[in-house]
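> Before I ask anything, let me first share the structure, which is written out below as structure tokens.
Residue numbers (the numbering used here): 60 to 349.
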């Protein structure tokens, strides 16, 4: 067995066992303990998260992070992977942001030199801008972890400039809009669904003492407020748009489907909105209709 094949096999065995001794690995692979020791040192230099166990029996243990098997990418897939990473480059904060950067660095390191050269050319040729908003990366990471493992979260939330309160929530999802991260969630404190802006969450921690609700877990960022919107009284919102105003609203996915074009180049937007919503006419609507 070639060394490269043995190292790949060793990674698969380590990932399955989590804790192991050198004699065990030597027996599994049919090589000497000295060879296994050298292989483990090589894996450590490659970034495999191992640490030795002190005390009787000794051995090694894999850190909390599991290792994923190698994946063969085509050249086009490799470039697409970096293009996807480039789209997140200008976010002010990302869940697992440091880990994402580390993953891209590892991926880049093992690419053929000609593919790396192509990707290097993309670095300053392609940019997907997003407003740089300041927010806590650790809070975003906790929210994402809670969604993945179905856990409640305790947050300190600044709902206004002066009001700071503690909430127990069950996050439904995370989405970004114009640089801000939003977290729709069920709020156990208010016993209602709420939309939290992540930059207003000052602290966040997983809370195993609160039982999550199954009906909340079945919701997504696309339908979490559908039932609430159905219960609300609606009113018709109608605005006549100039050509400039129509063009500006067509850039916003929330309104694009409600715009009716007119012959002179302008348009009309007609949509039903909750009757109790406050529409900032001076700041927004006037700009679109002049």
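Glycine included, each C-beta is placed from N, C-alpha and C at the ideal position. As the structure is a computational prediction, the values presented were derived from the model and not from experiment.
May I ask you to report which of helix, strand or coil DSSP gives residue 61?
Residue state, collapsed to three classes: coil.
> Evaluate residue 326 with the Cβ neighbour count: other Cβ atoms within 10 Å of its Cβ, from every protein chain shown; 16 or more gives buried, anything less gives exposed.
Buried, since its Cβ has 16 or more Cβ neighbours within 10 Å.
> Would you kindly work out how many angstroms separate the C-alpha atoms of residue 211 and residue 241, rounded to a whole number?
So the two alpha carbons sit approximately 16 Å from each other.
> Kindly indicate which three-state DSSP category residue 266 falls into: helix, strand or coil?
Residue 266: strand per DSSP, three-state reduction.
> Alpha carbon to alpha carbon, what distance is there between residue 264 and residue 293?
Cα-Cα distance, rounded: 37 Å.
> For residue 271, name the three-state secondary structure that DSSP assigns.
Residue 271 falls in the coil class under three-state DSSP.
> Is the segment 256-272 close to the segment 185-195, with three or more CB pairs under 8 Å?
These segments touch.
> Grab me the residues of residue 266's own chain with a C-beta within less than 8 Å of its C-beta, minus the 5 sequence neighbours each way, in chain order.
So the list reads 210, 211, 212, 213 and 227, once near-sequence residues are dropped.
> Spatial neighbours of residue 386 within its chain, please: CB distance less than 7 Å, with the 5 preceding and 5 following residues excluded, ordered by chain position.
Residue coverage of the chain in this structure runs from 60 to 349, which leaves residue 386 outside it and unanswerable.
> Starting from the Cα of residue 150, find the closest Cα among 187, 136 and 67 and give me that residue.
Among 187, 136 and 67, the Cα nearest to that of residue 150 is on 187.
> Considering only the alpha carbon of each residue, which of 109, 235 and 152 lies closest to residue 280?
Nearest C-alpha to residue 280: 235.
> Tell me, please, which residues DSSP counts as bridged to residue 240.
Paired residues: 235.
> Using a 10 Å radius around the Cβ and a threshold of 16 neighbouring Cβ atoms, would you call residue 345 buried or exposed?
Since pLDDT at residue 345 reaches only 43, below the 50 mark, its modelled position is unreliable, and the value read off the structure follows with that caveat. The residue in question, residue 345, is exposed, as its Cβ has fewer than 16 Cβ neighbours within 10 Å.
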